[in-house]
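Peer 1: One gets the working numbering by counting positions in the sequence shown from 1 and adding 6 to each.
Okay, handing you the structure first.
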Amino acid sequence: MNISQRTVQGVCVLDIDGPITLGADGSEKLGDKVRSLLQSGEKKVLLNLSGVAYIDSAGLGELVNAFSTVKKQGGALKLVGVTKKLKDLLVITKLSTVFDSYDTEAEALESFPG
């Protein structure tokens with residue numbers, strides 16, 4: 007899994023490419039990245055998951071951890087580019103009620119408060 011970072015309209019966008027799974031450089035990498043963003047003062051985080059074809063239960067747990075970590079710091083973490091497979095998984099696990107998920111990056115960026 008590769009994570010690249012860019013800032014658009016004051017929102018830190020993390021483009022994730024590859025599966026989010028337990029193992030070598032899997033899910034923990036995402037959590038570490040989110041924590042380092044918070045330490046550097048970022049409060050608005052958008053995860054672009056369009057490059058994620060597969061996520062396992064550990065990866066899902068890492069998404070939830072990242073979400074709660076950002077929320078505790080007074081920030082917001084949202085998702086964009088969620089594949090149909092992942093969308094179905096979020097619905098089954100009832101996590102679709104937790105995450106704000108958007109179809110386009112423009113919609114997601116507009117959803118963040120000023």
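Every residue gets a Cβ at the ideal spot worked out from N, C-alpha and C, and that includes glycine.
#1: Considering only the beta carbon of each residue, do Leu-69 and Leu-28 sit closer than 9 Å?
#2: In chain order, what residues of the same chain lie with their CB nearer than 7 Å to the CB of Leu-43, ignoring the 5 residues before and after it?
#3: Taking a contact to mean a Cβ-Cβ separation below 9 Å, would you say Val-76 touches Leu-83 in this structure?
#4: Over the uninterrupted alpha helix (DSSP H) stretch that includes Thr-75, give me the two end residues.
#5: According to DSSP, is Val-86 part of a helix, a strand, or is it coil?
#6: Under a three-way DSSP split, which group does Lys-49 fall into?
#7: Tell me which residue opens and which closes the beta strand (DSSP E) that Leu-20 is part of.
#8: Using beta-carbon positions only, say whether Asp-62 and Pro-25 come within less than 9 Å of one another.
#9: Would you please state the rounded distance, in angstroms, between the beta carbons of Phe-73 and Val-97? I believe it to be under 8 Å.
#10: Is the Cβ-Cβ distance between Thr-22 and Leu-53 less than 9 Å?
#11: For Val-14, which residues of its own chain have a beta-carbon under 7 Å away from its beta-carbon, when the five flanking residues on both sides are left out?
Peer 2: Per the coordinate set shown:
#1: One-based indexing of the sequence shown puts residue 69 at position 63. One-based indexing of the sequence shown puts residue 28 at position 22. No, Cβ-Cβ distance for Leu-69 and Leu-28 is not below 9 Å.
#2: To locate residue 43, count along the sequence shown from 1; it is residue 37. Only Cys-18 and Val-51 meet the Cβ criterion.
#3: Indexing the sequence shown from 1 puts residue 76 at position 70. Indexing the sequence shown from 1 puts residue 83 at position 77. Their beta carbons are under 9 Å apart, which means Val-76 touches Leu-83 by this criterion.
#4: Along the sequence shown, read from residue 1 onward, the residue named residue 75 stands at position 69. Element bounds for Thr-75: 63 to 78.
#5: Taking the first residue of the sequence shown as position 1, residue 86 is located at position 80. Correct three-state label for Val-86: strand.
#6: As a first step, residue 49 is located in the sequence shown; it is residue number 43 there, counting from the start. Three-state DSSP puts Lys-49 in coil, outside helix and strand.
#7: Mapped onto the sequence shown, residue 20 falls at position 14. Where Leu-20 is concerned, the enclosing beta strand (DSSP E) stretches over 17 to 23.
#8: Indexing the sequence shown from 1 puts residue 62 at position 56. Indexing the sequence shown from 1 puts residue 25 at position 19. Cβ distance < 9 Å, so Asp-62 and Pro-25 count as in contact.
#9: Here residue 73 refers to the residue found at position 67 of the sequence shown. Here residue 97 refers to the residue found at position 91 of the sequence shown. Contact check for Phe-73 and Val-97: beta-carbon distance about 16 Å, past the 8 Å limit, so the pair fails to qualify.
#10: The count along the sequence shown starts at 1 and reaches residue 22 at position 16. The count along the sequence shown starts at 1 and reaches residue 53 at position 47. The sequence shown places Ile at residue 22, not Thr. Contact: yes.
#11: Residue 14 sits at position 8 when you count from the first residue of the sequence shown. Answer for Val-14: Leu-115, listed in chain order.
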